Amino acid sequence: MAKIGGFAKRWSLTGLTALVTGGTSGIGHAVVEELAQLSATVYTCSKTESELNEPMQDWADKGFQVRGSVCDVTCRDQRVELMEKVSSAFHGKLNILWQ
């Protein structure tokens, strides 16, 4: 079994998809990291491109399957656009939503 943080990995999220809003900082960032470490394919968003770029590069460097885009979830039009992007990225399949 693979090791994560010194503990044996007890399960895998391989093949599962997740959307984590606000995933570039705080608890959202930790959730993205955990899901990606468990092999989920993750999509996240942030209010600004500048907030998105650094974590996206860090996750890419770690080999995590994380995609992202800019979205202010307080704006309905941007939420609709986000869901279209997520649906396209995951071919209509979303298993996990963390808001």
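According to mature numbering (1 follows the signal peptide of the UniProt record, and there is no 0), the stretch in the sequence shown is residues -26 to -1, 1 to 73, in order. In this text, a Cβ means the ideal position worked out from N, Cα and C, and glycines have one as well. No experiment lies behind these values; they were computed from the predicted model shown.
- In the assembly as shown, M57 is an exposed residue. Its beta-carbon has fewer than 16 other beta-carbons within 10 Å.
- Residue nearest to Q52 within the set K21, H3, L(-11) and R41 is K21 (criterion: CA-CA distance).
- Spanning the alpha carbons of W72 and V5 requires a straight line of approximately 8 Å.
- Comparing C-alpha distances from G(-5) to each of F38, E23 and G37 shows the shortest one belongs to E23.
- V47 is positioned such that its CB atom lies no closer than 7 Å to that of L(-8).
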